[in-house]
Ligand SMILES: *[C@@H]1O[C@H](CO)[C@@H](O)[C@H](O)[C@H]1NC(C)=O
């Protein structure tokens, strides 16, 4: 047998034994469609019926439940007015991220033996980077842990992030000699202990392959040294004094209730001193029980 005979054999077999399910045949030129935002997307659907010259064509979109796209010869909301059909192939105009999903082309040929044929077309709408939201604290305390955040939720595929300090790019990742870590996928820039030298203008950029990168305006971050001021000293001093006073009161009450008799005994043993009447607890007792 030469090669022509080899090729002819399967064709001959098919002709001799027509498939018992010969019926409406539905196919697509492209099962996975990728379209940029605001461009047109062609959802291809081709069919061939056995007998039926005028089959019913329906397009549905599956997501949260099934919605009609094309039904009874018309496009349904939200496709009405922004879609065309040619044969069974649909063109969606000016697609948005909301149009992403799985579309099903169903062809019903009532006169055919197996009347229903269907194919799925997956549409993925790509979205270029949007201006990210940047979270930069205004003032931080030197030595404290600080996190800066950057997010662009809209871009498809998800954006990667880079940070700039005073318009100079910060190296991503975490190097042993850098005291910050930068995650290009989450957009987080983290300082374990922020230093005076970290003060500056921070901005972040989101990128994906679909369009040009976008940057937020950015913010200034000030780093404050922890300094002792007079009001702070006074406040700390007053706090300590109050705490001491409370402790004293607590101890005195303890003495008065006799729950610390053991301590008292030990104290007396130690210092060989009896409890003298001028001790604080006696004073308090006198104050609390004037009778
Ligand atoms: C199309 O997808 C649906 C689910 O979304 C599935 O039930 C159906 O079998 C698929 N059809 C084909 C021809 O792949």
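Numbering (this note's numbering), first residue to last: -10 to 280.
For every residue, glycine included, the Cβ atom is placed at its ideal position computed from N, Cα and C.
The structure presented is a predicted model; accordingly, all values stated were derived computationally and were not measured.
Under 8 Å between C-beta atoms of residue i and residue j
i           : j           : result
residue 79  : residue 59  : yes
residue 159 : residue 23  : no
residue 40  : residue 101 : yes
residue 213 : residue 121 : no
residue 103 : residue 170 : no
residue 133 : residue 69  : no
residue 97  : residue 65  : no
residue 207 : residue 125 : yes
residue 298 : residue 146 : Residue 298 lies beyond the residue range present for the chain, which begins at -10 and ends at 280; the question has no answer from this structure.
residue 82  : residue 29  : yes
Residue i to residue j span [Cα, whole Å]
i           : j           : result
residue 27  : residue 144 : 14 Å
residue 172 : residue 55  : 38 Å
residue 227 : residue 221 : 10 Å
residue 201 : residue 194 : 10 Å
residue 42  : residue 14  : 13 Å
residue 62  : residue 87  : 23 Å
residue 49  : residue 99  : 19 Å
residue 0   : residue 109 : A caution first: residue 0 carries a pLDDT of 45, below 50, which makes its placement in the model too unreliable to give a value.
residue 244 : residue 230 : 21 Å
residue 236 : residue 211 : 40 Å
residue 52  : residue 76  : 25 Å
residue 112 : residue 105 : 23 Å
Three or more C-beta pairs below 8 Å linking the region 171 to 178 and the region 130 to 147:
As far as the Cβ criterion goes, the region 171 to 178 touches the region 130 to 147, which means the pair count is three or higher.
Would the region 26 to 45 count as touching the region 83 to 93 if we require 3 or more Cβ pairs under 8 Å?
Taking a contact to require three or more Cβ pairs closer than 8 Å, the region 26 to 45 and the region 83 to 93 qualify as touching.
Which full runs of the beta strand (DSSP E) of 3+ residues lie inside the region 28 to 60, going along the chain?
Secondary structure within the region 28 to 60: the beta strand (DSSP E) runs of 3 or more consecutive residues, fully enclosed, are 30 to 32, 35 to 37, 45 to 52 and 54 to 60 (chain order).
Is there contact between the region 182 to 192 and the region 111 to 131, where contact requires at least three CB pairs shorter than 8 Å?
Using a Cβ-Cβ distance cut-off of 8 Å, the region 182 to 192 and the region 111 to 131 are in contact, since at least three pairs of beta carbons, one from each stretch, lie closer than that value.
Any heavy atom of ligand 1 nearer than 7 Å to the CB - residues listed:
The set of residues whose C-beta lies within less than 7 Å of a heavy atom of ligand 1 reads, in chain order, 51, 91, 93, 107, 108 and 109.
Note down, one range per segment and in chain order, each alpha helix (DSSP H) of at least 4 residues found wholly within the region 119 to 172.
Fully enclosed alpha helix (DSSP H) runs of 4 or longer: not present.
Which complete beta strand (DSSP E) runs does the region 177 to 241 hold, if anything under 3 residues is left out?
As far as the region 177 to 241 is concerned, its whole beta strand (DSSP E) runs of at least 3 residues are 178 to 180, 189 to 196 and 208 to 213.
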